[in-house]
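Visitor: Residue numbers (the numbering used here): 997 to 1227. Think of the CB as a built atom: it goes at the ideal place given N, C-alpha and C, for glycine as much as any other residue. First the structure, then my questions, so here it is.
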Ligand code: BJW
Ligand code: ZN
């Protein structure tokens, strides 16, 4: 069996990384995070946007994967043993799937532990705070290696190719509010795939899913994974 999984902020919520929307979504200081995740915000006030991502990077470095991340890594290994495959696409910019043992993770919205040169586009590892004084070897300014509103998500060709090969589509911990990721379920359905949603509460596109399970990711993901590996 080939399974395509799309994860969102909900899978990392119990690791102490905030979500953007839904119950418990906390505003960051006095600013709306969604107003900071745009190229316009970075052009207007780069120091403020750096501060937002610096705080999240520090939080990430102190965080650990939870039982949902661990279960998805176990699913990848279990499917491989059975001749199947898992495509794990995440909207999250954290590295908790990797730290839980997932070997192959597609970060469609970028990675918080990388910085990118705004001039030459080169990406590099980044575990330190960035500032308006952070520069690339080419002298271009460094920005967080993340995909903001209005920018093109990464690895789209690879993602659509994996959807073609999948037998089952699963969305975990995502509100279904941000496109193109929110549209994957519709494309999966159009290809005749069964679709499963695992979330704390019904997402904006819950009606598109055949199988829906609601509760904290640390509980419902491991039990769903056990069920799949038993079947
Ligand atoms: C739990 C839980 C627990 C809580 N257990 N669950 C109309 C149609 C199509 C597109 C558009 C449109 N109008 C505008 C657009 C474009 C725009 C868009 O979608 N806007 C919407 C607001 C409508 N999209 C874009 O601009 C994208 N680019 C684009 O479309 O380019 C054109 C193109 C398309 C296709 C091919 C080629 C080109 C770019 C989007 C970039 C999004 N960037 C961000 C920031 C990234 C960096 C950062 O992290 O700061 O990505 S925004 C933010 O939202 C972040 C997330 O990845 C993303 C999705 O959020 P997610 O993961 O779903 O989190 P939440 O918080 O929304 O939901 C969490 C869920 O978990 C909730 O349901 C909770 O209940 C649940 N939960 N605790 C389980 N314990
Ligand atoms: Zn450069």
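Excluding the 5 residues flanking residue 998 on each side, which residues of the same chain have their C-beta closer than 7 Å to its C-beta?
Guide: Position 2 of the chain shown, counting from 1, holds the residue named residue 998. Within the same chain, and ignoring the five residues on either side of residue 998 in sequence, the residues whose Cβ sits closer than 7 Å to its Cβ are 1080, 1081, 1161, 1162, 1163.
Visitor: Going by C-alpha to C-alpha distance, which of 1129, 1115, 1106, 1128 sits closest to residue 1121?
Guide: Translated into positions along the chain shown, residue 1121 becomes position 125. Of 1129, 1115, 1106, 1128, the residue nearest in Cα terms is 1106.
Visitor: Identify, in the order they occur along the chain, each residue of the same chain with its Cβ nearer than 7 Å to the Cβ of residue 1158, setting aside the five sequence neighbours on each side.
Guide: Reading the chain shown from its first residue, position 162 is the one you call residue 1158. For residue 1158, where only same-chain residues beyond five positions count, the Cβ hits under 7 Å are 1000, 1083.
Visitor: Pick from 1197, 1060, 1175: whose alpha carbon is nearest that of residue 1092?
Guide: For the purposes of this step, residue 1092 is taken as the residue at position 96 of the chain shown. When only C-alpha atoms are compared, the closest one is 1060.
Visitor: With DSSP run on the structure shown, which of helix, strand or coil describes residue 1050?
Guide: Here residue 1050 corresponds to residue number 54 of the chain shown, with the count starting at 1. Looking at residue 1050 - three-state DSSP - the assignment turns out to be helix.
Visitor: Based on the DSSP secondary-structure assignment, which residues constitute the bridge partners of residue 1140?
Guide: In the chain shown, the residue the question calls residue 1140 occupies position 144. 1111.
Visitor: Going by other Cβ atoms of all chains shown within 10 Å of its Cβ, with 16 needed for buried, is residue 1053 buried or exposed?
Guide: In the chain shown, residue 1053 corresponds to position 57, counting from 1. When all chains shown are included, residue 1053 counts as buried.
Visitor: In the structure shown, what three-state DSSP assignment does residue 1090 receive?
Guide: In the chain shown, counting from the first residue as 1, residue 1090 sits at position 94. Residue state, collapsed to three classes: coil.
Visitor: Along the chain, which unbroken stretches of the alpha helix (DSSP H) at least 4 residues long are found entirely within the region 1005-1086?
Guide: Contiguous alpha helix (DSSP H) elements confined to the region 1005-1086 occur at 1029-1032, 1035-1040, 1042-1058, 1063-1077, taking only those with 4 or more residues.
Visitor: Enumerate in chain order the residues of its own chain whose CB-to-CB distance from residue 1119 is below 6 Å, with the five nearest sequence positions on each side excluded.
Guide: Position 123 of the chain shown, counted from the start, is the residue given in the question as residue 1119. Non-local beta-carbon contacts of residue 1119 in its own chain, meaning distances under 6 Å to residues more than five positions away in sequence, involve 1110, 1112, 1141 in chain order.
Visitor: Cβ of residue 1130 within 6 Å of any heavy atom in ligand 2?
Guide: The residue you call residue 1130 lines up with position 134 of the chain shown. Checking every heavy atom of ligand 2 against the Cβ of residue 1130, none is found closer than 6 Å.
Visitor: Comparing C-alpha positions only, which one of 1035, 1208, 1128 sits nearest to residue 1145?
Guide: Within the chain shown, numbered from 1, the residue matching residue 1145 stands at position 149. Comparing Cα-Cα distances from residue 1145 to each of 1035, 1208, 1128, the minimum goes to 1035.
Visitor: Does the region 1087-1101 come close enough to the region 1001-1015 to have 3 or more Cβ pairs within less than 8 Å?
Guide: Yes, since at least three Cβ pairs between the region 1087-1101 and the region 1001-1015 fall closer than 8 Å, the two stretches touch.
Visitor: When the Cα of residue 1186 is compared with those of 1205, 1046, 1196, 1064, which residue comes out closest?
Guide: Counted from its first residue, the chain shown places residue 1186 at position 190. Ranking 1205, 1046, 1196, 1064 by Cα distance to residue 1186 puts 1205 first.
Visitor: Which term fits residue 1057, buried or exposed, when burial requires 16 or more other beta carbons within 10 angstroms of its beta carbon?
Guide: The residue you call residue 1057 lines up with position 61 of the chain shown. Looking at its Cβ environment, which holds fewer than 16 other Cβ atoms inside 10 Å, residue 1057 is exposed.
Visitor: Thinking C-beta only, is residue 1168 closer than 7 Å to residue 1045?
Guide: Indexing the chain shown from 1 puts residue 1045 at position 49. Indexing the chain shown from 1 puts residue 1168 at position 172. The answer is no: Cβ separation not under 7 Å.
Visitor: Could you name the residues that DSSP lists as bridge partners for residue 1193?
Guide: The residue given as residue 1193 occupies position 197 in the chain shown. Bridge partners of residue 1193: 1167, 1208.
Visitor: Pull up the distance between the alpha-carbon of residue 1116 and that of residue 1225, whole angstroms please.
Guide: Start at 1 with the first residue of the chain shown, and residue 1116 comes out as number 120. Start at 1 with the first residue of the chain shown, and residue 1225 comes out as number 229. So the two alpha carbons sit approximately 45 Å from each other.
Visitor: With DSSP run on the structure shown, which of helix, strand or coil describes residue 1150?
Guide: By 1-based counting over the chain shown, the position of residue 1150 is 154. Per DSSP, reduced to three states, the secondary structure at residue 1150 is coil, with no helix or strand assignment.
Visitor: Express the C-alpha separation of residue 1219 and residue 1126 in angstroms, rounding to a whole number.
Guide: Residue 1126 sits at position 130 when you count from the first residue of the chain shown. Residue 1219 sits at position 223 when you count from the first residue of the chain shown. C-alpha separation (whole angstroms): 40 Å.
Visitor: Under the three-state reduction of DSSP, which class applies to residue 1179: helix, strand or coil?
Guide: For the purposes of this step, residue 1179 is identified with residue 183 of the chain shown, where counting begins at 1. Of the three classes helix, strand and coil, the one that applies to residue 1179 here is helix, per DSSP.
Visitor: Return the first residue and the last residue of the alpha helix (DSSP H) that residue 1002 is part of.
Guide: As a working mapping, residue 1002 is identified with position 6 in the chain shown. Boundaries for residue 1002: no alpha helix (DSSP H) harbours it, while the beta strand (DSSP E) harbouring it runs 998-1003, taken from the DSSP string.
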